[in-house]
Amino acid sequence: MAVESQVLAYSQKRLATLELAADRAARRTWNRVDANNIQASWKSISRDFLTLFSTIQTKSAETAIDASGMMLAEQGVYVTPHALANPNAFAGWAPSGLDIASYFQSPVFAALHAIRTGSSPLEALEYGRNLLVMLTSLAVMDTARQAESLDITSRPKVGYVRVESATCCDRCMILAGKWFRFNEGFLCHPHCHGRHVPCSQGMAKQQGWISDPMEGFKSLSREEQDKRFGANYAQAIRDGADIYQVVNSKRGMRKVGKGYTALTTSEGTTRYGWASMQYAQQSGRRMKRRLSIDGIYSLTGGDREKTIAALKANGYFVDNDWRGKVPEIRKSMWLHDNTYRQGRVELLTAAEKRVQTAKLRYEAVLEGRNPNDGRMPLTPEIAAQCEREYRRWVTSGGQIFQQ
Numbered sequence: 011m012a013v014e015s016q017v018l019a020y021s022q023k024r025l026a027t028l029e030l031a032a033d034r035a036a037r038r039t040w041n042r043v044d045a046n047n048i049q050a051s052w053k054s055i056s057r058d059f060l061t062l063f064s065t066i067q068t069k070s071a072e073t074a075i076d077a078s079g080m081m082l083a084e085q086g087v088y089v090t091p092h093a094l095a096n097p098n099a100f101a102g103w104a105p106s107g108l109d110i111a112s113y114f115q116s117p118v119f120a121a122l123h124a125i126r127t128g129s130s131p132l133e134a135l136e137y138g139r140n141l142l143v144m145l146t147s148l149a150v151m152d153t154a155r156q157a158e159s160l161d162i163t164s165r166p167k168v169g170y171v172r173v174e175s176a177t178c179c180d181r182c183m184i185l186a187g188k189w190f191r192f193n194e195g196f197l198c199h200p201h202c203h204g205r206h207v208p209c210s211q212g213m214a215k216q217q218g219w220i221s222d223p224m225e226g227f228k229s230l231s232r233e234e235q236d237k238r239f240g241a242n243y244a245q246a247i248r249d250g251a252d253i254y255q256v257v258n259s260k261r262g263m264r265k266v267g268k269g270y271t272a273l274t275t276s277e278g279t280t281r282y283g284w285a286s287m288q289y290a291q292q293s294g295r296r297m298k299r300r301l302s303i304d305g306i307y308s309l310t311g312g313d314r315e316k317t318i319a320a321l322k323a324n325g326y327f328v329d330n331d332w333r334g335k336v337p338e339i340r341k342s343m344w345l346h347d348n349t350y351r352q353g354r355v356e357l358l359t360a361a362e363k364r365v366q367t368a369k370l371r372y373e374a375v376l377e378g379r380n381p382n383d384g385r386m387p388l389t390p391e392i393a394a395q396c397e398r399e400y401r402r403w404v405t406s407g408g409q410i411f412q413q
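Here it is in structure tokens:
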């Protein structure tokens with residue numbers, strides 16, 4: 011199975027760049043840890059790293075969400091989402107549900123434990139550094155995968171095909187080329203770079219993306235089979251053993267968002283959080299905790315409507331009430347275009363104009379019109395582009411640069 015997608019390739023490079031930036035920041039920060047006071051020194055020097063990492067998480071989620079819609083457009087379809095995924099919802103929290111300050115305490119505790127068990131301070135710091143880098147890489151990619159999963163969930167009848175690189179491990183190899191429903195967790199391991207390709211089951215079959223792992227096994231040379239699967243296991247497969255029985259795909263694997271914590275997170279429940287604002291409007295008070303994405307999947311039993319409702323209630327989607335305000339927006343834009351003749355005073359900032367323009371363009375898409383030229387048909391590429399622009403401006407408040 012080979013999935014050819016320029017969007018997938020570009021987003022993979024973008025995510026690799028973000029992962030590398032996060033890894034370098036983690037190494038630089040850890041190099042400043044005082045071997046004689048590991049815990050206190052990490053607490054004081056990690057603040058800037060945590061702020062930077064939150065920004066990288068937002069960019070990672072944004073990259074994955076944008077790629078999801080554009081990959082569908084590459085297939086010649088645009089599936090209107092029930093709601094727009096919010097990349098800001100992922101900042102500051104590990105996919106497992108921990109806040110990132112607690113998540114990145116693990117290397118500190120690991121280093122202290124190594125010292126207690128006889129390692130030298132330098133050896134303990136090296137062990138802590140390696141763990142920090144692994145957790146950093148894991149969180150960047152897991153954030154992207156959860157964001158992709160969130161976007162797929164929002165689109166009716168869309169699932170995903172798992173794609174892997176040609177050099178993936180044996181566990182990932184037997185999972186590649188399968189079509190999964192929106193709520194089926196993505197099994198992965200540290201340094202796993204598998205991705206979702208959103209599509210309907212019919213499209214996956216039509217494109218030939220569903221494949222048998224035995225075909226991939228047979229395409230490898232004998233030496234490569236032995237290297238990837240182990241000599242004895244590879245020989246057993248060549249002798250006719252079931253590849254699924256020989257390779258336990260769940261060995262050392264876990265679903266994104268699982269493996270370290272419970273299924274809840276307090277993200278978004280602060281006074282100014284998305285979930286807090288939505289919940290306050292509904293009940294007049296703030297909720298104290300909210301479910302992680304994987305926790306919601308576990309509780310809603312595969313019902314897409316219930317899943318989307320729960321995700322909305324927990325702040326993972328952008329507020330969709332803006333459509334009722336479109337007539338007012340059009341009126342204000344008309345007044346803006348006739349400022350001199352009407353004798354009106356300009357009241358909108360440049361950022362507000364960007365948001366309003368993006369809203370009107372996306373509204374045209376939802377009505378089936380080409381926002382660039384009403385005489386031309388609306389294409390999936392234009393629809394996906396307008397969706398991406400609207401999500402960008404509404405989640406950033408129209409700001410080009412964000413702190």
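Note that the sequence shown covers residues 11 to 413 in the numbering used here. Ideal placement from N, C-alpha and C gives every residue a C-beta, glycine not left out. Every value quoted in this text rests on a predicted model; they were computed, and no experiment measured them.
Give me, in chain order, the residues of the same chain whose beta-carbon lies closer than 6 Å to that of residue i; leave out the 5 immediate sequence neighbours on both sides.
{"i": "Arg205", "result": "Val173"}
{"i": "Ala214", "result": "Val171, Trp189, Ile220"}
{"i": "Arg398", "result": "Asp76"}
{"i": "Gln49", "result": "Val118"}
{"i": "Thr146", "result": "Ala32, Asp33, Ala36"}
{"i": "Glu158", "result": "Ala74, Ser78, His206"}
{"i": "Leu141", "result": "Pro117, Ala120"}
{"i": "Met80", "result": "Val17, Ala394"}
Taking C-alpha atoms, which residue in the options lies nearest to residue i?
{"i": "Arg232", "options": "Asp249, Gln217, Ala99, Gln216", "result": "Asp249"}
{"i": "Tyr372", "options": "Gly384, Leu358, Ala393", "result": "Ala393"}
{"i": "Asp152", "options": "Ile184, Tyr113, Ala104", "result": "Ala104"}
{"i": "Val150", "options": "Glu399, Glu29, Ser15, Gln22", "result": "Glu29"}
{"i": "Ile162", "options": "Ala374, Ala360, Tyr307, Thr367", "result": "Tyr307"}
{"i": "Asn98", "options": "Val143, Ala176, Thr65", "result": "Thr65"}
{"i": "Met224", "options": "Leu148, Gly312, Gly187, Glu158", "result": "Gly187"}
{"i": "Lys237", "options": "Thr177, Gly218, Cys209", "result": "Thr177"}
{"i": "Ile110", "options": "Glu72, Lys53, Ser210", "result": "Lys53"}
{"i": "Asn47", "options": "Pro131, Ser15, Ala26", "result": "Pro131"}
{"i": "Ser406", "options": "Gly218, Asn96, Tyr137, Lys322", "result": "Asn96"}
Assign residue i to one of three DSSP states: helix, strand, or coil.
{"i": "Cys202", "result": "coil"}
{"i": "Trp403", "result": "helix"}
{"i": "Ile169", "result": "Going by the sequence as given, residue 169 is Gly instead of Ile. It is a strand residue."}
{"i": "Pro223", "result": "helix"}
{"i": "Pro131", "result": "helix"}
{"i": "Ser286", "result": "Bear in mind that a pLDDT of 44 at Ser286, under 50, signals an unreliable position, so the model cannot answer this."}
{"i": "Cys209", "result": "strand"}
{"i": "Asp180", "result": "helix"}
{"i": "Leu197", "result": "strand"}
{"i": "Ala241", "result": "helix"}
{"i": "Asp152", "result": "helix"}
{"i": "Phe63", "result": "helix"}
{"i": "Ala50", "result": "helix"}
{"i": "Ala101", "result": "coil"}
Could you tell me if residue i is buried or exposed, where buried requires 16 or more neighbouring beta carbons within 10 angstroms of its beta carbon?
{"i": "Thr414", "result": "Given a span of 11 to 413 for the chain in the structure shown, any question on residue 414 remains unanswerable."}
{"i": "Arg364", "result": "buried"}
{"i": "Thr359", "result": "exposed"}
{"i": "Ile410", "result": "exposed"}
{"i": "Met386", "result": "exposed"}
{"i": "Asp252", "result": "exposed"}
{"i": "Ser21", "result": "buried"}
{"i": "Lys167", "result": "exposed"}
{"i": "Glu315", "result": "exposed"}
{"i": "Asp222", "result": "exposed"}
{"i": "Ser106", "result": "buried"}
{"i": "Leu309", "result": "exposed"}
{"i": "Gln216", "result": "exposed"}
{"i": "Lys369", "result": "buried"}
{"i": "Asp383", "result": "exposed"}
{"i": "Lys69", "result": "buried"}
Just to confirm my understanding: we take residue i, look at its own chain, exclude 5 residues before and 5 after, and list those with CB closer than 8 Å. What are they?
{"i": "Ile55", "result": "Thr39, Arg42, Val43"}
{"i": "Leu94", "result": "Ser164, Phe327, Val328, Asn330, Glu397, Tyr400, Arg401, Val404"}
{"i": "Gln235", "result": "Phe227, Ala244, Ile247, Arg248"}
Using a threshold of 8 Å, is the CB atom of residue i nearer than that to any non-hydrogen atom of the ligand SAM?
{"i": "Ile318", "result": "In the structure on display, the ligand SAM does not appear, and there are no ligands present to speak of."}
Residues in its own chain within less than 7 Å of residue i by CB, not counting five upstream and five downstream?
{"i": "Leu135", "result": "Val43, Ala45, Ala121"}
{"i": "Gly10", "result": "The requested residue 10 is not part of the displayed model; the chain covers only 11 to 413."}
**Asked** Three or more C-beta pairs closer than 8 Å, one from the stretch 110-122 and one from the stretch 189-198: is that the case here?
**Response** no
**Message:** I want to know whether the stretch 369-383 touches the stretch 57-66 - three or more CB-CB distances under 8 Å.
**Reply:** no
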